[in-house]
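Mapping of the sequence shown onto the working numbering: position 155 corresponds to residue 155, and the numbering continues sequentially without gaps. We put the CB at the ideal spot given by N, CA and C, even for glycine. Report on one structure; see the data block that follows.
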Amino acid sequence: MNTNQTEPTSLPPAELFLDVQRASKQPGLPSDEELTRWATAALGHRHDQAEMTVRIVDEDESQTLNSQYRGKDKPTNVLSFPSDLPAELIEELELPLLGDLVICAPVVAREAEQQHKALAAHWAHMTVHGTLHLLGYDHIEDDEAEIMENLETRILAQLGFNDPYAPVSAHNDASVQAVPADNFSDGTDE
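Structure (structure tokens):
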């Protein structure tokens, strides 16, 4: 994948068919429309059409999946499962199946609070981050991380959100307590 190309701005965004599954009763969940807008922004002009699923879960399901697929026995904020269907089947279906995102609502809420971010901003970040993983972006190597983080920051800015990787600034509100650094996640793939 050549991630150095600039995207044309005159093309319409991708048409996204998003299946949202809600397996969590956590308050403050984003609407289907918000999830669709955020994922569509991440798709940009990379696909004319795409289909994906976002499953919103609680910590038990997240921990089970994270343990099974990543060998990490703890819940995590977002897991991405790219489609591994053969290309000829995707062509036959005439719709590119990107894959599935599993987003853990309690982890996202906790991280947003710890990082002093608006809950919607963190949900948008997790949706954009996971969608980019479905598109083949990664952040294991430093150079890949820089590309992916810059792209996330640009997409989120277009959506009206601040840089998710910017350091937490001092707050005027004395009621906001500092969170020890070892309790922070960087906001992705806890």
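8 angstroms Cβ cutoff met for residue i and residue j
| i | j | result |
| --- | --- | --- |
| V102 | L79 | yes |
| A23 | T131 | no |
| P164 | T153 | yes |
| M195 | D138 | Only positions 1 to 190 of the chain appear in the structure, and residue 195 is not among them; the question remains open. |
| R46 | L135 | yes |
| C104 | T76 | yes |
| L159 | A124 | yes |
| V107 | W38 | no |
| L35 | V57 | no |
| D48 | E15 | yes |
Rounded distance between the beta-carbons of residue j and residue i, thought under 8 angstroms
| i | j | result |
| --- | --- | --- |
| E51 | L97 | 5 angstroms |
| A120 | N162 | The Cβ separation is near 12 angstroms, so there is no contact. |
For residue i: DSSP bridge partner residues
| i | result |
| --- | --- |
| V57 | C104 |
| V20 | V54 |
| E15 | Q49 |
| L79 | V102 |
| L97 | E51 |
**Message:** Does the structure place the segment 109-116 close enough to the segment 54-73 that three or more beta carbon pairs sit under 8 angstroms?
**Reply:** Under the three-pair Cβ rule at 8 angstroms, the segment 54-73 does not count as touching the segment 109-116.
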